[in-house]
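**Student:** Residue numbers for the sequence shown follow full-length UniProt numbering, so the first one is 1 and each next one is one higher.
Note that the Cβ used here is the ideal one computed from N, Cα and C, for glycine as well.
Predicted model only: the values in this text are computed from it and were never measured.
Got a structure here, written out as structure tokens. Questions coming.
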Amino acid sequence: MSGGGGKIEQRVVLTRQEAARWLGELAKALETGGTADVALVGPTVSLNLPDEFECELELEPYGDKIELEIEFMWPNTRREASADQPRSTVAAPQALR
Numbered sequence: 001m002s003g004g005g006g007k008i009e010q011r012v013v014l015t016r017q018e019a020a021r022w023l024g025e026l027a028k029a030l031e032t033g034g035t036a037d038v039a040l041v042g043p044t045v046s047l048n049l050p051d052e053f054e055c056e057l058e059l060e061p062y063g064d065k066i067e068l069e070i071e072f073m074w075p076n077t078r079r080e081a082s083a084d085q086p087r088s089t090v091a092a093p094q095a096l097r
């Protein structure tokens, strides 16, 4: 993550299509590797994407809601960006509410 240290949490209401579009962009960035500039709302975070991730899927019911969490974890290693390194942008959907 760029910008130093703490946790960044972003929350927004999306339609099913908006969520699918955003997740699709994220999937393309993961497939490409390199560096990804990711934002849902608020600040953009630059991530150096490795070749392997630890992945966790969590599904929890909360009364009348269901929470689905997908976590990707990898070592926080800094590497210098190079001109030949792929760079992806995973931008917030256009129709935010």
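1) What are the boundary residues of the alpha helix (DSSP H) that includes Arg21?
2) Any idea which residues DSSP pairs Asp64 with across the strands?
3) Under a three-way DSSP split, which group does Ala39 fall into?
4) For Thr35, I'd like the list of residues in its chain whose CB is within less than 8 Å of its CB, leaving aside the five on either flank, ordered along the chain.
5) At what residues does the beta strand (DSSP E) containing Arg87 begin and finish?
6) Per DSSP, Ile70 forms a beta bridge with which residues?
7) Using only the heavy atoms of the ligand COA, determine whether one of them is closer than 7 Å to the beta carbon of Gly6.
8) Considering Cα atoms alone, identify which of Trp22, Pro43, Gly33 and Leu26 is closest to Gly6.
**Tutor:** According to the data block:
1) Here the alpha helix (DSSP H) through Arg21 covers Arg16 to Thr32.
2) None; Asp64 has no bridge partner.
3) coil
4) Result list for Thr35: Ser46, Leu47, Asn48, Leu49, Ala81, Gln85, Pro86, Arg87 and Ser88, in chain order.
5) Arg87 to Val90
6) Leu57
7) Here there are no bound small molecules, and the ligand COA is not part of this structure.
8) Considering only alpha carbons, the answer is Pro43.
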